[in-house]
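Once you know that position 413 of the sequence shown is 473 in our numbering, the rest is easy, because the numbers rise by one and skip nothing.
For every residue, glycine included, the Cβ atom is placed at its ideal position computed from N, Cα and C.
Because the structure is a prediction, the values reported are computed rather than measured.
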Amino acid sequence: MNKPLISLDSLAQPIDFDALKATAKSGGCSTSSCGSSAKPEDMDAAVWDKIKDHPCYSEEAHHYFARMHVAVAPACNIQCNYCNRKYDCANESRPGVVSEKLTPDQAVRKVISVANEVPQLSVLGIAGPGDSCYDWKKTKATFEAVVKDIPDIKLCISTNGLALPDHVDELMEMNVDHVTITINMVDPEIGAKIYPWIFYKNRRWTGVEASQILHERQMQGLEMLTERGILTKINSVMIPGINDEHLIEVNKWVKARGAFLHNVMPLISAPEHGTHFGLTGQRGPKPMELKALQDKLEGGAKLMRHCRQCRADAVGLLGEDRGQEFTLDLLPETVAYDPAKREAYREFVASERGDHMAAKEQAVAAVKEAAVDASLLVAVATKGGGRINEHFGHAREFMVYEARPSGIVFVGHRKVENYCMGGFGEDASLDGIIEMLEGVNVVLCSKIGDCPQDMLQAAGIEATDRFAFDYIETAIGTVYAERFGAELAAAVA
Ligand code: CLF
Ligand code: SF4
Numbered sequence: 061m062n063k064p065l066i067s068l069d070s071l072a073q074p075i076d077f078d079a080l081k082a083t084a085k086s087g088g089c090s091t092s093s094c095g096s097s098a099k100p101e102d103m104d105a106a107v108w109d110k111i112k113d114h115p116c117y118s119e120e121a122h123h124y125f126a127r128m129h130v131a132v133a134p135a136c137n138i139q140c141n142y143c144n145r146k147y148d149c150a151n152e153s154r155p156g157v158v159s160e161k162l163t164p165d166q167a168v169r170k171v172i173s174v175a176n177e178v179p180q181l182s183v184l185g186i187a188g189p190g191d192s193c194y195d196w197k198k199t200k201a202t203f204e205a206v207v208k209d210i211p212d213i214k215l216c217i218s219t220n221g222l223a224l225p226d227h228v229d230e231l232m233e234m235n236v237d238h239v240t241i242t243i244n245m246v247d248p249e250i251g252a253k254i255y256p257w258i259f260y261k262n263r264r265w266t267g268v269e270a271s272q273i274l275h276e277r278q279m280q281g282l283e284m285l286t287e288r289g290i291l292t293k294i295n296s297v298m299i300p301g302i303n304d305e306h307l308i309e310v311n312k313w314v315k316a317r318g319a320f321l322h323n324v325m326p327l328i329s330a331p332e333h334g335t336h337f338g339l340t341g342q343r344g345p346k347p348m349e350l351k352a353l354q355d356k357l358e359g360g361a362k363l364m365r366h367c368r369q370c371r372a373d374a375v376g377l378l379g380e381d382r383g384q385e386f387t388l389d390l391l392p393e394t395v396a397y398d399p400a401k402r403e404a405y406r407e408f409v410a411s412e413r414g415d416h417m418a419a420k421e422q423a424v425a426a427v428k429e430a431a432v433d434a435s436l437l438v439a440v441a442t443k444g445g446g447r448i449n450e451h452f453g454h455a456r457e458f459m460v461y462e463a464r465p466s467g468i469v470f471v472g473h474r475k476v477e478n479y480c481m482g483g484f485g486e487d488a489s490l491d492g493i494i495e496m497l498e499g500v501n502v503v504l505c506s507k508i509g510d511c512p513q514d515m516l517q518a519a520g521i522e523a524t525d526r527f528a529f530d531y532i533e534t535a536i537g538t539v540y541a542e543r544f545g546a547e548l549a550a551a552v553a
């Protein structure tokens with residue numbers, strides 16, 4: 061049931077569009093809703109239109125669509141205690157980290173090259189490595205040049221908010237529909253523990269005064285964006301002992317000012333990063349601490365839980381980074397945009413996501429109908445497409461879902477060292493994976509060997525590949541049913 065019509069296992073590889081189209085014509089979709097809209101019933105159609113292809117603003121869209129960042133904005137006007145933009149490592153994934161900075165002209169060449177090769181690309185973001193609004197001329201020049209060649213690409217920025225109010229009208233003129241403001245506090249006393257200084261009106265400000273100015277500018281920027289109908293996401297870094305409980309207050313403030321989403325991200329902190337927090341031993345939260353805070357925030361501003369804390373030069377689906385395929389030395393001197401692959405991919409997604417949504421609704425309804433007072437935490441290995449299509453040994457992260465009486469919800473992801481190294485399993489990695497899977501009851505993947513399966517079993521985690529290539533929710537619904545009621549199993553099968 062719900063087996064894929066084409067190999068979604070190869071979504072990260074070049075896609076065979078002839079096969080895709082042939083399959084679509086053969087009427088292979090498994091439900092009658094094939095091609096129907098995946099719009100949630102309670103969402104305004106205009107809002108859905110803005111987010112349906114944005115991998116960060118829609119959890120559902122992130123299974124299908126990719127973003128890329130171009131690192132054209134290196135200058136920043138504040139200092140955060142968790143940031144050091146000098147540190148770089150190709151394997152490092154966190155905001156502010158880049159391998160090479162680009163001029164707007166170089167950025168255009170890169171965007172066109174990626175659009176020609178990565179059909180999932182839907183969004184161009186500028187997220188630093190400094191601040192997109194402070195380094196405004198380069199941000200603006202890049203956006204204006206890219207949309208001349210690729211008019212349907214969505215434009216997105218991320219900013220600390222200090223310079224934001226000065227550019228809201230230009231953002232509006234450029235059709236930038238999506239803005240992220242990083243807001244870590246609404247109390248300047250707490251802000252003073254996060255921001256040592258800001259640069260504003262040609263001078264440097266420190267202490268509580270600096271955070272007071274930053275706070276006022278962030279709120280002003282958010283209100284201006286809301287008034288203009290620009291969808292604003294708030295990113296907050298959860299810093300245990302400094303702002304963790306305070307983020308409940310932040311959530312209330314941003315909800316009251318019209319924020320579309322609130323994304324609480326864990327602090328990434330290690331001494332080798334050279335950040336103030338890294339050097340002073342400030343730890344980040346554990347996955348279950350983050351989940352507990354996010355659970356407390358349910359009912360406030362809508363939460364984003366699928367953020368991957370991207371590099372400022374990330375390319376690809378969230379959770380993968382193809383940036384090393386598009387470094388400057390690999391880009392052609394001149395390149396023309398060819399829309400064929402992106403158009404064919406969109407045709408495919410239009411049918412696939414309707415089918416996926418119908419399968420999801422069926423599984424969720426069945427879990428609700430079971431009326432069992434039990435919850436199940438399920439970790440899934442996936443490469444995208446909403447399917448269980450990644451080997452356990454190759455997974456660098458697991459998507460974690462919770463099946464509970466109210467339905468099936470995505471609750472976050474857990475990054476891990478992949479277990480399989482050159483064809484052999486690494487026991488040390490497996491210990492780390494088991495630690496990262498704390499609280500998880502079941503692991504679903506497309507393939508797993510006996511050895512890791514037994515070791516997971518010994519740790520109290522059932523791992524199985526019997527749902528390989530099924531939709532994620534269908535498999536979770538079935539497992540829930542098997543554990544908590546045979547009738548339910550029949551309903552979702
Ligand atoms: Fe980039 Fe940010 Fe736009 Fe997305 S990322 S500027 S909204 S296109 Fe997305 Fe990356 Fe999380 Fe940002 S997963 S860090 S939320
Ligand atoms: Fe670093 Fe961004 Fe903070 Fe600037 S706003 S210091 S680039 S994290």
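Using a Cβ distance threshold of 7 Å, S411 and E450 do not count as a contacting pair. Exclusion of the five residues before and after D237 leaves K110, K214, I290 and L291 as the residues of its chain whose Cβ lies within less than 7 Å of its Cβ.
A distance below 7 Å separates the beta carbons of V424 and I468. The C-beta of R263 has fewer than 16 other C-beta atoms within 10 Å across all chains shown, which makes the residue exposed.
Around the beta carbon of P331, fewer than 16 other beta carbons lie within 10 angstroms, which makes this residue exposed.
Burial of C193 is indicated by the presence of at least 16 other C-beta atoms within 10 angstroms of its C-beta. Annotation for K475: the continuous beta strand (DSSP E) segment containing it runs G467 to K475. The ligand SF4 has a heavy atom closer than 6 Å to the beta-carbon of Q139. Beyond the five residues adjoining it in sequence on each side, D381 comes within less than 6 Å, by CB distance, of A374 in the same chain, given in chain order.
I254 and A316 have their C-alpha atoms spaced approximately 24 Å apart. The secondary-structure analysis by DSSP pairs W257 across a beta bridge with Q139 and T266.
For the stretch 180-210, the continuous beta strand (DSSP E) assignments of 3+ residues that do not extend past its boundaries occur at 181-186, in sequence order. Counting the other CB atoms within 10 Å of its CB gives N235 a total below 16, which places it among the exposed residues. Between T219 and I241, the gap from beta carbon to beta carbon is short of 7 Å. In this structure, DSSP gives M245 a state outside helix and strand, which the three-state scheme calls coil.
Taking the CA atoms as reference points, H473 sits about 25 Å from T335. Secondary structure at R406: helix, using DSSP grouped into helix, strand and coil.
When DSSP states are grouped into helix, strand and coil, E120 belongs to the coil group. Remark: the C-beta of C143 is in contact range of the ligand SF4, defined as less than 6 Å to any heavy atom.
With a cutoff of 6 Å, G188 counts as near the ligand SF4, since its C-beta is closer than that to a heavy atom of the ligand. S296: member of the beta strand (DSSP E) spanning L291 to M298, first to last residue. Straight through space, the alpha carbons of D514 and A434 are spaced by roughly 25 Å. For the 7 Å CB-CB criterion, L391 and S173 form a contact. For G360, the secondary structure class from DSSP, reduced to helix, strand or coil, is coil. Within the stretch 333-379, the runs of beta strand (DSSP E) that reach at least 3 residues and sit entirely inside it are, in chain order, 375-377.
Using a Cβ distance threshold of 7 Å, N295 and I250 do not count as a contacting pair. Contact between V130 and K170 is confirmed by a C-beta separation of about 6 Å, below the 8 Å threshold. In this structure, P326 is the residue among I508, L363 and P326 with its C-alpha nearest to the C-alpha of V297.
In this structure, the C-beta of C505 stays at least 6 Å away from each heavy atom of the ligand SF4.
In the structure shown, K161 adopts coil according to DSSP, grouped into three states.
Apart from the 5 residues on each side of it in sequence, F470 sits with its Cβ closer than 7 Å to the Cβ of E119, R365, H366, M459 and Y461 in its chain, given in chain order. Counting along the chain, no beta strand (DSSP E) covers E233; the unbroken alpha helix (DSSP H) around it starts and ends at V228 to E233.
When the five nearest sequence neighbours on each side are left out, the beta carbons in the same chain lying within less than 6 Å of the beta carbon of A463 are those of V427, L436, I536 and Y540, in order along the chain. A direct Cα-Cα distance of roughly 22 Å separates H227 from W265.
DSSP, reduced to helix, strand and coil, places M128 within a strand of the structure shown. In the DSSP assignment, S329 forms no beta bridge with any residue.
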